[in-house]
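Here the structure comes first, spelled out in structure tokens, and everything after it is commentary.
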Amino acid sequence: MTNHTPTPRSQDPEDIQKRDFIKGVTAAILGFLSLALTWPLVSFLIPSSNEGAAGKFLKVPNFPKIPTGTPTRMTTAEDVDTQAFITTKVVYDIWVIKHAADKATVYSTLCPHLNCRYNFDSTKDVFACPCHGSVFNEDGKCIAGPAPRPLDTLPYKIEGGELYVQYKLFKAGIPEKIEA
Ligand code: FES
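In the working numbering, the protein residues as written are 31 to 210.
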């Protein structure tokens, strides 16, 4: 039978220092690993402040420069907290028809049929969706295709000549305009 006698630990100050250093590094690695493993749960439990742009008026750059009467695709953006402590820039695109310096129509770019992005056909002065053929006039009315309602307008305000838009999403495929 073999007798295992514990090896006495060195009391040399240099060895003690090394052991403390190794302990510290090991603790740091374990701490990092446990944070990495539990972070998805922690970040899920911390309420995110990402509520999209709903409710906020976001500035649409260049509104004073766009032509009157021509549907113009524009963008607006905001910084949102997608995870705790992480900020991301989210860009929203919109269709704007400027009627005057203080008047416009703003549409969501998503087709109310099934949320494809539609385009403006300047040869026919209509908005046309490439997915299932819905066609809308500039007033947003569906004049062909399966879309169950007109284009979705977005709330806006014009202050100091600048356009501000509240970006919203709406439920697709139903006759009523209901926020998603
Ligand atoms: S998504 Fe536009 S017609 Fe179907």
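Ideal Cβ placement from N, Cα and C applies to all residues, glycine included.
- Taking every residue with its beta carbon within less than 7 angstroms of a heavy atom belonging to ligand 1 gives, in chain order, CYS141, HIS143, LEU144, ASN145, CYS146, TYR148, CYS159, CYS161, HIS162, GLY163, SER164, GLY175, PRO176, ALA177.
- Every unbroken stretch of the beta strand (DSSP E) spanning 3 or more residues and falling wholly within the stretch 87-153 is given here in chain order: 87-90, 102-113, 116-130, 133-138, 149-151.
- Per DSSP, LEU193 is one residue of the beta strand (DSSP E) stretching across 192-196.
- CYS172 places its beta carbon 8 angstroms or farther from that of PRO185.
- The residue from HIS129, LYS133, VAL90, PRO160 with its alpha-carbon nearest to that of LEU140 is PRO160.
- Collapsing the DSSP output to three states places GLU44 in a helix.
- In the same chain as LYS128, and ignoring 5 residues on each side of it, the C-beta atoms closer than 6 angstroms to its own belong to ILE96, THR98, ALA134, in chain order.
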